[in-house]
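*Asks:* First the structure, then my questions, so here it is.
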Amino acid sequence: MRVESAYSPISEPSPWWLKGLAIFMGIITLFMALGTISAIASPILIDRLLPSDYEEVESYPVDGSEEEQAEWTENEVFWNELVEYYDEMGGLMEIQGVHSGILAIIGLFSTLVLWRGDRDFGIKLVGSWIAINALGGAGLFWMFMRIGFMPDFTMNSQDAEVIDLSFLEPLTLVIGWGQIIICNGFFLAILALVSMKSKPEVMLDDRSDTPVS
413 MRVESAYSPI SEPSPWWLKG LAIFMGIITL FMALGTISAI ASPILIDRLL
463 PSDYEEVESY PVDGSEEEQA EWTENEVFWN ELVEYYDEMG GLMEIQGVHS
513 GILAIIGLFS TLVLWRGDRD FGIKLVGSWI AINALGGAGL FWMFMRIGFM
563 PDFTMNSQDA EVIDLSFLEP LTLVIGWGQI IICNGFFLAI LALVSMKSKP
613 EVMLDDRSDT PVS
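Residues 413 to 625 in this note's numbering are what the sequence shown spells out, letter by letter.
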């Protein structure tokens with residue numbers, strides 16, 4: 413007597429669960445590709461539009477009064493701090509561009525795999541995409557907070573002291589981390605739904621075959 417045990421499908425799920433996720437990932441991938449281009453191009457444009465030497469903006473008043481020279485020196489310090497801040501932000505944007513580029517590549521692969529109907533591999537790719545998006549986003553936000561959400565001269569200037577800006581940093585922290593958690597939680601919820609709905613329903617099929625003597 414030979415006994416065979418196998419899982420037999422009851423019904424096949426709609427292929428549009430995977431295709432719908434593929435369309436969703438395709439749209440996200442498009443935005444990631446645009447974000448990559450923007451993140452790489454922005455520092456280049458800033459370097460071209462923002463002179464590093466204040467002399468290119470305003471010549472030093474050699475024949476000016478002491479007050480004019482002191483004002484020029486103060487403006488030069490202001491300008492140098494501004495340029496330094498944008499240099500740091502430009503470096504961060506380049507890292508963000510690499511991060512977005514990686515997500516765009518994985519997103520493109522996941523879109524093609526899901527549209528083809530390869531459920532297991534496609535879901536793994538999307539899961540990897542979510543993990544990289546969450547970890548990379550957290551790292552980029554941490555780097556951004558180290559640089560600061562505004563240049564130091566804004567925080568130290570007498571004009572800024574008129575308005576209490578102490579609430580901005582904790583508010584930025586709450587919004588930033590909240591956005592990372594909510595967005596990636598939303599992606600995980602979509603992935604879990606598609607994973608559940610696209611899984612074929614199966615039943616255990618036990619058959620006993622008695623060979624004919």
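Note that the Cβ used here is the ideal one computed from N, Cα and C, for glycine as well.
Since the structure is predicted, the reported quantities are computational estimates derived from the model, not experimental observations.
Residue 538 lies in the alpha helix (DSSP H); which residues open and close that run?
*Replies:* Position 126 of the sequence shown, counted from the start, is the residue given in the question as residue 538. Start and end: 531-559.
*Asks:* Report yes or no: do the stretch 449-457 and the stretch 475-485 share at least 3 C-beta pairs separated by less than 8 Å?
*Replies:* Touching, no.
*Asks:* So, is residue 604 buried or exposed, given that buried needs 16 or more other C-beta atoms within 10 angstroms?
*Replies:* On the sequence shown, position 192 is the one that residue 604 refers to. With fewer than 16 Cβ atoms within 10 Å of its Cβ, residue 604 is classed as exposed.
*Asks:* Go through its chain and collect everything with a Cβ distance to residue 533's Cβ below 7 Å, but skip five positions before and after it.
*Replies:* Counting from one through the sequence shown, the residue named residue 533 turns up at place 121. Taken in chain order, the residues that qualify are 525.
*Asks:* Of all the beta strand (DSSP E) runs that stay within the bounds of the stretch 588-613, which reach a length of 3 or more residues?
*Replies:* If we require 3 residues or more, the stretch 588-613 turns out to have no beta strand (DSSP E) run fully inside it.
*Asks:* With a threshold of 8 Å on Cβ separation, who are the neighbours of residue 542 within its own chain once the five nearest residues in sequence on each side are excluded?
*Replies:* Within the sequence shown, residue 542 is the residue found at index 130, counting from 1. Cβ neighbours of residue 542 beyond the five flanking positions: 596, 599, 600 and 603.
*Asks:* With distances taken between CB atoms, is the gap from residue 441 to residue 520 smaller than 9 Å?
*Replies:* Along the sequence shown, one-based indexing puts residue 441 at 29. Along the sequence shown, one-based indexing puts residue 520 at 108. Going by C-beta atoms, residue 441 is nearer than 9 Å to residue 520.
*Asks:* Answer with buried or exposed for residue 613, where buried requires no fewer than 16 other C-beta atoms within 10 angstroms of its C-beta.
*Replies:* Taking the first residue of the sequence shown as 1, we reach residue 613 at position 201. The residue is exposed, with fewer than 16 neighbouring Cβ atoms inside 10 Å.
*Asks:* Report the option in 445, 498, 551 and 493 whose CA atom is closest to the CA atom of residue 461.
*Replies:* Taking the first residue of the sequence shown as 1, we reach residue 461 at position 49. Ranking 445, 498, 551 and 493 by Cα distance to residue 461 puts 498 first.
*Asks:* Relative to the C-alpha of residue 588, which candidate in 546, 458 and 491 has its C-alpha closest?
*Replies:* Taking the first residue of the sequence shown as position 1, residue 588 is located at position 176. Ranking 546, 458 and 491 by Cα distance to residue 588 puts 546 first.
*Asks:* For residue 505 and residue 486, what's the separation of their Cα atoms in angstroms?
*Replies:* Here residue 505 refers to the residue found at position 93 of the sequence shown. Here residue 486 refers to the residue found at position 74 of the sequence shown. One C-alpha to the other measures close to 29 Å.
*Asks:* Is residue 563 buried or exposed, if buried means 16 or more other CB atoms sit within 10 Å of its CB?
*Replies:* On the sequence shown, position 151 is the one that residue 563 refers to. Label assigned to residue 563: buried.
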